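Enquirer:
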Amino acid sequence: MLKYFPLLLLIIICCNSKKENLTETSQAELNNSIANDSTTIDTLKINQFADFYLVIPAKSNNYDLLNRNMFEIHHKYGIEIDTMGRYFDKVKQQIILPEDDEDEIYQGQYFPRRFDSNTLSIENAYAYEQDILEPKKFPTEMILVAGMFSNKKTADSLQKILRKDFPRTIIQKSSIYIGCMH
Numbered sequence: 063m064l065k066y067f068p069l070l071l072l073i074i075i076c077c078n079s080k081k082e083n084l085t086e087t088s089q090a091e092l093n094n095s096i097a098n099d100s101t102t103i104d105t106l107k108i109n110q111f112a113d114f115y116l117v118i119p120a121k122s123n124n125y126d127l128l129n130r131n132m133f134e135i136h137h138k139y140g141i142e143i144d145t146m147g148r149y150f151d152k153v154k155q156q157i158i159l160p161e162d163d164e165d166e167i168y169q170g171q172y173f174p175r176r177f178d179s180n181t182l183s184i185e186n187a188y189a190y191e192q193d194i195l196e197p198k199k200f201p202t203e204m205i206l207v208a209g210m211f212s213n214k215k216t217a218d219s220l221q222k223i224l225r226k227d228f229p230r231t232i233i234q235k236s237s238i239y240i241g242c243m244h
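In our numbering, the protein residues as written are 63 to 244.
1. Do you know offhand how far Ala-208's Cα is from Pro-119's?
2. Any idea what DSSP makes of Gln-155, helix, strand or coil?
3. Can you list, in chain order, the residues of its chain whose CB lies under 8 Å from that of Asn-129, leaving out five sequence neighbours each side?
4. What separation, rounded to the nearest whole angstrom, lies between the Cα atoms of His-136 and Met-146?
5. When you compare each of Gly-140, Ala-112, Asp-126 to Leu-224 by their alpha carbons, which one comes out closest?
6. Run through DSSP, which three-state label would Tyr-149 get?
7. Check each candidate in Asp-227, Ile-157, Leu-206, Cys-242 and name the one with the smallest Cα separation from Ile-233.
8. Looking only at its own chain, which residues have a Cβ that is under 6 Å from the Cβ of Tyr-168, when we skip the five neighbours before and after it?
9. Between Gly-241 and Asn-109, is the Cβ-Cβ spacing less than 9 Å?
10. Do you know offhand how far Phe-173's Cα is from Thr-216's?
11. Looking at the structure shown, is Ile-96 part of a helix, part of a strand, or coil, going by DSSP?
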């Protein structure tokens, strides 16, 4: 039996070495998988945001003023109005969806404009700024948006037209979340 001891010892050492190699290989595969997942997460983050150019003829904390401007532009230039069902709640002093809206998650809350649109609406300015943080106090600055475009040339064209009557019309580039909101 002593004569087979070195052979037995060699088998045990080899088996343990293979396990360690498998463990090292498994760890390497796991690390690679995590790196790929991280890349996937980064890709998802990139793919869930898009740059848009907002044409903004006016900014104000006064909703009524912006509303008058919106209807003036609508009548003068024929640009449709799309409030997306939102309205200015005078008690909350903010733009919100109705409390009985079919979207239960956003009932009584603000839901931002998020895609190409050649329509007029009044939006909460904070939703289109770099670091989106909902203000603690309302009313906050609101913007009259005359169009939101992925193509800057389209935004430039509309800005040029609106500047005749609204000389302060600007274009604001915003990175907008276009992923699922539910």
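The C-beta atom is built at its ideal place from N, Cα and C for all residues, glycine as well. Every value quoted in this text rests on a predicted model; they were computed, and no experiment measured them.
Expert: Checking against the coordinates, here is how it stands:
1. One C-alpha to the other measures close to 7 Å.
2. coil
3. Phe-150, Ile-184
4. 16 Å
5. Gly-140
6. strand
7. Leu-206
8. Leu-159
9. yes
10. 24 Å
11. Because Ile-96 carries a pLDDT of 44, less than 50, the predicted location of this residue cannot be relied on, and the following value inherits that uncertainty. Three-state DSSP puts Ile-96 in a helix.
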